[in-house]
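Numbering (full-length UniProt numbering), first residue to last: 1 to 508.
Report on one structure; see the data block that follows.
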Amino acid sequence: MELEDIEPLQNDVIGRKASTIVQKAPKITALVGFTLMINVLMGTGPIYLPGKFLGDGWLMSTLFMAFVSILSYLCFDYIIEAMSNYNALLQTQKMSFIAGPSELEQGMTDQEDTSTSLIDEISSEIQEAENQEDQFYDGHGNLFRLKVVAEFGQMCRYMWGKGFDIGITCVLTFYLCGVLISKTIASSNILSEMFQDGEGNKIPVIGHYMFWLAIFSVASIFLSFRDIAGIKLIQTGIVLFRFFVIFLLLLGPLIYICQGHGGGLQPTYDNEKYTAFHLSGFQNFFSTAIFGLLCHHSISSMMSNVAPASSIRKVGIVAFGSGGVLFILISILGIIAFQGEMVDEENLSTYTNIFRGKINWIYYIASFYMFLNIAAFPILIITMRNNIMKCFMPDKIPKKSHELTRTTVILTISLITPIILLSIFAKNNIEDVINVSGGVFGVVIMMILPSILTILTRKRLLRRGIDPYKSNPHLSYFSNEILAWTVFIIGWICLIFNLTQDIIGWVE
1 MELEDIEPLQ
11 NDVIGRKAST
21 IVQKAPKITA
31 LVGFTLMINV
41 LMGTGPIYLP
51 GKFLGDGWLM
61 STLFMAFVSI
71 LSYLCFDYII
81 EAMSNYNALL
91 QTQKMSFIAG
101 PSELEQGMTD
111 QEDTSTSLID
121 EISSEIQEAE
131 NQEDQFYDGH
141 GNLFRLKVVA
151 EFGQMCRYMW
161 GKGFDIGITC
171 VLTFYLCGVL
181 ISKTIASSNI
191 LSEMFQDGEG
201 NKIPVIGHYM
211 FWLAIFSVAS
221 IFLSFRDIAG
231 IKLIQTGIVL
241 FRFFVIFLLL
251 LGPLIYICQG
261 HGGGLQPTYD
271 NEKYTAFHLS
281 GFQNFFSTAI
291 FGLLCHHSIS
301 SMMSNVAPAS
311 SIRKVGIVAF
321 GSGGVLFILI
331 SILGIIAFQG
341 EMVDEENLST
351 YTNIFRGKIN
361 WIYYIASFYM
371 FLNIAAFPIL
381 IITMRNNIMK
391 CFMPDKIPKK
401 SHELTRTTVI
411 LTISLITPII
421 LLSIFAKNNI
431 EDVINVSGGV
441 FGVVIMMILP
451 SILTILTRKR
461 LLRRGIDPYK
471 SNPHLSYFSN
481 EILAWTVFII
491 GWICLIFNLT
501 QDIIGWVE
């Protein structure tokens, strides 16, 4: 065994209680996996992206949206391959330092809690899919079976030691804080504006931004100690309503056009036409596009139980493909129907507001769409809370992630307080929040980590005499190493460029 593997393995096994989920959770179909992904992708993209399309040039935005969608899938493929390589590395370890069963059982947290009742619901389709696993992992490929769900921090700790997963935890925490802040600002703004009359007069209490900010904050704290993710009816209802609203966002512009409104793709604004290409807005659009298509921090947990495993790649293709197409269609139809009203020169425009006074019933339904974030907020709080405990205090992790303990209460308050303060401070600067969250931390999560982990896990396997290019059934369609290095380098260039632009903007 190579000397360089000993310390990472020790770190990995010590941290397995906190970061590893052994595959005892029930399998899910490819359709369920697709639903999980598209639900995450549709969370903010349809609200933020349409307002950027026109201001940054509809043609440039369309082409770049297509590029980011392809890039998102490419990095999705890298994550699945890196996770399967990681599983093969664990399988090939030849040392006696192995975690006991009790550790692994404790590491299963909530997924094990619900598995008993859910196993009874596994359909014949799932059972047949599980039988196909052996064919997919035929021969040497069995080493690459996705038995262990490995998040970014887990793989980084294994490859480089414990210090690196601290950095990854910080990146994920800052990114998720940015997501929460942007969702809080957008939701509070939209809902407070919904309770105003035609002249802009606010209805007492419910027409004020601070009221909705307080509602979301209190709900986030309270519900983070409840098993929201385990309430199947709520989750199913949210998914169905989200799809319904997406349909309305496509239907609304068509209705408005049929009423005799609308125009071309380059409307006039202040006696000037919007151009098809507007490169000065590239950085803002890039950050918003990354933000809208980013779900890569959750891919390991969402996709590892999909059966048969051969359909995981298809799920990614369909999810990112349909996500990108929907974003483009919603935006293009919006431009044709609503023209220059799509752009808010002072702040990032939220697409739901444009229906007010035009198609009011769609406006009110779509505005309520933002209220659904009240179910997403506690899940994000739980995720951040657990990530911090896994990294810094693994012995404090409760058996159930939503369990009320002294540590979880302190962490929850410590997380929600700066989120509330920044939501107040950045009320009219949501674009700055998205630029940092998507353009800086999002680039690390989507591009830098997946590409470098894929490259290095391949190299580690080759040193052990296993050729992942021939043996790994999860090998990326884009397996060329030069391409992976290109994504890694472009990721760093984008990170430095976006961070520099953000700093310049703050100084000015």
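For each residue, glycine too, the CB sits at the ideal point set by N, CA and C.
Note that the structure is a prediction, hence the values are computed from the model and not measured.
Measure the beta-carbon distance from residue i to residue j and round it to whole angstroms, keeping in mind my assumption that it falls under 8 Å.
i       : j       : result
Ala-337 : Pro-253 : 4 Å
Thr-288 : Gly-57  : Between Gly-57 and Thr-288 the Cβ distance is about 14 Å, and since that is not below 8 Å, they are no contact.
Leu-74  : Phe-327 : Leu-74 to Phe-327, Cβ: 17 Å. No contact.
Phe-34  : Val-318 : 6 Å
Val-68  : Ile-330 : About 15 Å; that fails the 8 Å criterion.
Asn-284 : Lys-427 : That pair is no contact at about 18 Å.
Val-315 : Met-37  : 7 Å
Phe-488 : Ile-452 : 5 Å
Ile-359 : Ile-255 : 6 Å
Ala-309 : Leu-146 : 6 Å
Ile-335 : Leu-54  : 5 Å
Cys-494 : Phe-286 : 7 Å
Counting only the same chain and skipping the five closest in sequence on each side, list residues whose C-beta sits under 7 Å from that of residue i.
i       : result
Ile-362 : Leu-248, Gly-252, Phe-355
Leu-176 : Leu-380, Thr-383, Met-384
Ile-47  : Ala-186, Thr-350, Tyr-351, Thr-352
Trp-212 : Ser-187, Ser-188, Leu-191, Ser-192
Ile-312 : Ile-80, Met-303, Val-306
Pro-450 : Cys-75, Tyr-78, Ile-79, Ala-82, His-296
Ser-96  : Interpretation of Ser-96 is limited by its pLDDT of 31, a score under 50 that renders its predicted location unreliable; no figure is taken from the coordinates.
Tyr-86  : Ala-150, Met-155, Tyr-158, Thr-457
Ser-220 : Phe-377, Pro-378, Ile-381, Ile-416
Met-65  : Ala-289, Gly-324, Phe-327, Ile-328
Arg-460 : Leu-89
Glu-341 : Ile-354
Thr-412 : Ile-221, Ser-224, Ile-381, Arg-385
Thr-173 : Met-384, Asn-387, Ile-388
Leu-250 : Leu-329, Ile-330, Leu-333
Gly-178 : Val-433, Val-436, Ser-437, Phe-441
Gly-292 : Thr-44, Gly-45, Tyr-48, Leu-49, Phe-327
His-208 : Ser-192, Lys-202
From the DSSP output, which residues share a beta bridge with residue i?
i       : result
Lys-202 : Gln-196
Val-306 : Ile-28
For residue i, which residues from the same chain have a beta carbon less than 6 Å from its beta carbon, with the 5 sequence-adjacent residues on both sides left out?
i       : result
Leu-422 : Ile-181
Gly-263 : Gln-339
Val-149 : Ile-21, Ser-300, Ser-301, Ser-304
Phe-320 : Ser-69, Ser-72, Tyr-73
Gly-491 : Val-443, Met-447, Ile-448
Phe-152 : Ile-168, Leu-449
Leu-143 : Ala-88, Gln-91
Ile-420 : Ser-217
Leu-265 : Trp-58, Ile-335
Ala-484 : Ser-451, Thr-454, Ile-455
For residue i, which residues in the same chain have their Cβ closer than 8 Å to its Cβ, ignoring the five residues on either side in sequence?
i           : result
Asp-502     : Asp-432, Asn-435, Val-436, Gly-439, Val-440
residue 511 : Nothing can be reported for residue 511: it is not among the residues displayed for the chain, which extend from 1 to 508.
Met-393     : Thr-407
Asp-467     : Leu-461
Arg-391     : Note that residue 391 is Cys in the sequence shown, not Arg. Only Ala-18, Gly-153, Asp-165, Ile-166, Thr-169 meet the Cβ criterion.
Return no unless some Cβ of chain C is closer than 8 Å to the Cβ of residue i.
i       : result
Glu-193 : Reference to chain C is not applicable here, since this structure consists of a single protein chain.
### Query
Should the segment 237–254 be regarded as contacting the segment 40–51, the criterion being three or more beta carbon pairs within less than 8 Å?
These segments touch.
### Task
Pair every Cβ in the segment 433–440 with every Cβ in the segment 182–196, then say whether three or more of these pairs are closer than 8 Å.
Look at the beta carbons and you see the segment 433–440 touching the segment 182–196: at least three pairs across the two are nearer than 8 Å.
### Query
Below 8 Å, can you find three or more Cβ-Cβ pairs linking the segment 147–161 to the segment 368–378?
With a cut-off of 8 Å, the segment 368–378 and the segment 147–161 do not count as touching, because too few Cβ pairs lie within range.
### Task
Would you check if there are 3 or more beta carbon pairs closer than 8 Å linking the segment 399–413 to the segment 197–215?
The segment 399–413 is not in contact with the segment 197–215.
### Message
Using 8 Å as the cut-off, can you tell me whether the segment 76–94 makes contact with the segment 464–482, which would need three or more C-beta pairs spanning the two stretches below that distance?
### Response
At 8 Å Cβ cutoff, the stretches touch.
### Message
As an exercise, report each continuous beta strand (DSSP E) stretch of at least 3 residues that is fully enclosed by the segment 25–92, in chain order.
### Response
Segments of the beta strand (DSSP E) lying fully in the segment 25–92: there are none.
### Message
List, from N- to C-terminal side, the beta strand (DSSP E) runs of 3 residues or more that fit wholly inside the segment 425–488.
### Response
Segments of the beta strand (DSSP E) lying fully in the segment 425–488: there are none.
### Unbroken stretches of the beta strand (DSSP E), 3 residues or longer, contained in the segment 395–425
Runs of the beta strand (DSSP E) lying entirely within the segment 395–425, each at least 3 residues long, are absent.
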